[in-house]
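The letter at position 184 of the sequence shown is residue 188 when you use my numbering, and the numbering goes up by one with no holes. The beta-carbon is built from N, C-alpha and C at its ideal position, and this holds for glycine as well.
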Amino acid sequence: MTITYTQEDCMVGMARYPDKYFDLAIVDPPYFKGVANRNFYGSDLSRSGVKRLCSESGNWDDGIPSVEYYEELTRVSKEQIIWGCNYYKFLQPVGRIVWDKKNDTSTFSNCELASVSLMNSVKIYRYEWNGMLQENMKNKEHRIHPTQKPVALYKWLLKNYAKQGDLILDTHVGSASSLIACYDLGFDAVGFEIDEDYYKSSKKRLDETMRQVRCTEYLDGGIER
Numbered sequence: 005m006t007i008t009y010t011q012e013d014c015m016v017g018m019a020r021y022p023d024k025y026f027d028l029a030i031v032d033p034p035y036f037k038g039v040a041n042r043n044f045y046g047s048d049l050s051r052s053g054v055k056r057l058c059s060e061s062g063n064w065d066d067g068i069p070s071v072e073y074y075e076e077l078t079r080v081s082k083e084q085i086i087w088g089c090n091y092y093k094f095l096q097p098v099g100r101i102v103w104d105k106k107n108d109t110s111t112f113s114n115c116e117l118a119s120v121s122l123m124n125s126v127k128i129y130r131y132e133w134n135g136m137l138q139e140n141m142k143n144k145e146h147r148i149h150p151t152q153k154p155v156a157l158y159k160w161l162l163k164n165y166a167k168q169g170d171l172i173l174d175t176h177v178g179s180a181s182s183l184i185a186c187y188d189l190g191f192d193a194v195g196f197e198i199d200e201d202y203y204k205s206s207k208k209r210l211d212e213t214m215r216q217v218r219c220t221e222y223l224d225g226g227i228e229r
């Protein structure tokens, strides 16, 4: 089982792969340009301890997906789950997933929407993700990215829309929640992150998780991945 994670523009990264190389792309591109530079999120430090503007380059949200991105994504992957689909006019009419974050009192969106090429229906996943509050408070995730999604969400997607042996692609890794979920469930994956600071933070998070899993398997007498 292999996780390949590089710091680069996803358009450059995807160009290296042949048509339909990936079985499933699960991507979370920036929804609109200049969120960080316009102080959209308010203070530099959120209530949950996330440094909003921790990247000196400040370009993590500059690469707003274009038609060319969508065409390249669908070229290299057989199926796609694309978060933020309500912001993109070029997506095809396919199924939808609604992530209910159980944050009805928030000034931000109460839910997030993803397009799913594998179906035409609409499914709902409920998982609390509201500032300091998380669904699983006993195993609370450390927040390192302004638009971070929980590992549990990606595990739910993989369990429901991927099959063992599938190769997964994430073009905008961010916090590495997707790659952690892939590693925990035994999926090979490739990921790209354009921002150097977020790449370093997320790579550290991923590496720490992988070490913990290997150590646990070793102590339990299991086979290392």
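- Item | Three-state class that DSSP yields for V194 in the structure shown | For the purposes of this step, residue 194 is taken as residue 190 along the sequence shown, with counting starting at 1. Three-state result, V194: strand.
- Item | Classification of M18 by the beta-carbon crowding that lies within 10 angstroms, buried from 16 upward | Numbered from its first residue, the sequence shown carries residue 18 at position 14. So M18 ends up on the buried side.
- Does the pairing of the segment 17 to 35 with the segment 96 to 103 give three or more beta-carbon distances under 8 Å? Contact check between the segment 17 to 35 and the segment 96 to 103: fewer than three CB pairs, one atom from each, fall below 8 Å, which does not count as touching.
- Starting from the C-beta of T213, find all residues in its chain whose C-beta is less than 7 Å away, skip the five residues before and the five after it, and write them out in chain order. Walking along the sequence shown from the start, residue 213 turns up at place 209. Here the set comprises I184, Y187.
- Assigned secondary structure, E12 (DSSP; H/G/I helix, E/B strand, else coil): Your numbering for residue 12 matches position 8 in the sequence shown. E12 falls in the coil class under three-state DSSP.
- Item | R130 to V155 span [Cα, whole Å] | Stepping through the sequence shown from its first residue, residue 130 is reached at position 126. Stepping through the sequence shown from its first residue, residue 155 is reached at position 151. Rounded to whole angstroms, R130 to V155 spans 13 Å at the Cα level.
- Where K208 falls, given that 16 or more other Cβ within 10 Å makes a residue buried: Working through the sequence shown from its first residue, we reach residue 208 at position 204. Label assigned to K208: exposed.
- Of the choices R147, I68, Y203, Y165, whose alpha-carbon is the least far from that of N124? Counting from one through the sequence shown, the residue named residue 124 turns up at place 120. When only C-alpha atoms are compared, the closest one is Y165.
- Task: With DSSP collapsed to three states, give me the class of R100.
- Result: For the purposes of this step, residue 100 is taken as residue 96 along the sequence shown, with counting starting at 1. Looking at R100 - three-state DSSP - the assignment turns out to be strand.
- Could you check if P150 is buried or exposed, using at least 16 other CB atoms within 10 Å of its CB as the buried criterion? Taking the first residue of the sequence shown as position 1, residue 150 is located at position 146. Note on P150: 16 or more other CB atoms within 10 angstroms of its CB, so buried under the neighbour-count rule.
- Is the beta carbon of V102 less than 9 Å from the beta carbon of F26? Residue mapping note: residue 102 aligns to position 98 of the sequence shown, counting from 1. Residue mapping note: residue 26 aligns to position 22 of the sequence shown, counting from 1. For V102 and F26, no; Cβs fall outside 9 Å.
- Query: Which residues in the same chain as L28 place their Cβ atom closer than 6 Å to its Cβ, once the five residues preceding and following it in sequence are excluded?
  - Reply: If you number the sequence shown from 1, residue 28 lands on position 24. Only E83, A166, D170, I172 meet the Cβ criterion.
- Could you round the C-beta distance between I85 and V120 to whole angstroms and report it? I think they count as a contact, below 8 Å. Taking the first residue of the sequence shown as 1, we reach residue 85 at position 81. Taking the first residue of the sequence shown as 1, we reach residue 120 at position 116. Indeed they touch by this definition, with Cβ atoms about 5 Å apart.
- Run through the segment 64 to 131 for me and flag every whole alpha helix (DSSP H) of 4 or more residues, listed as ranges in chain order. Complete alpha helix (DSSP H) runs here, min 4: 71 to 80.
- Compare the C-alpha of T109 against each of F196, K153, W133 and name the closest. The residue labelled residue 109 in the question sits at position 105 within the sequence shown. When C-alpha distances from T109 are compared across F196, K153, W133, the shortest belongs to W133.
- Query: Does DSSP put I184 in a helix, in a strand, or in coil?
  - Reply: Taking the first residue of the sequence shown as 1, we reach residue 184 at position 180. It is helical.
- Under the three-state reduction of DSSP, which class applies to A266: helix, strand or coil? This structure gives no information on residue 266, because the portion of the chain shown stretches from 5 to 229.
- Could you tell me which of K204, V217, D104, Y92 sits nearest to Y9, measuring between CA atoms? Here residue 9 corresponds to residue number 5 of the sequence shown, with the count starting at 1. Out of K204, V217, D104, Y92, K204 has the C-alpha closest to the C-alpha of Y9.
- Roughly how many angstroms lie between the CA atoms of A118 and E12, to the nearest whole one? Mapped onto the sequence shown, residue 118 falls at position 114. Mapped onto the sequence shown, residue 12 falls at position 8. Cα-Cα distance, rounded: 24 Å.
- Message: Considering Cα atoms alone, identify which of D104, F112, T111, C14 is closest to I68.
- Response: Position 64 of the sequence shown, counted from the first residue, corresponds to residue 68. Comparing Cα positions, the closest option is C14.
- Give the single residue among R20, H176, A193 whose Cα lies nearest to the Cα of L162. As a working note, residue 162 is residue 158 in the sequence shown. Closest option to L162, Cα to Cα, is A193.
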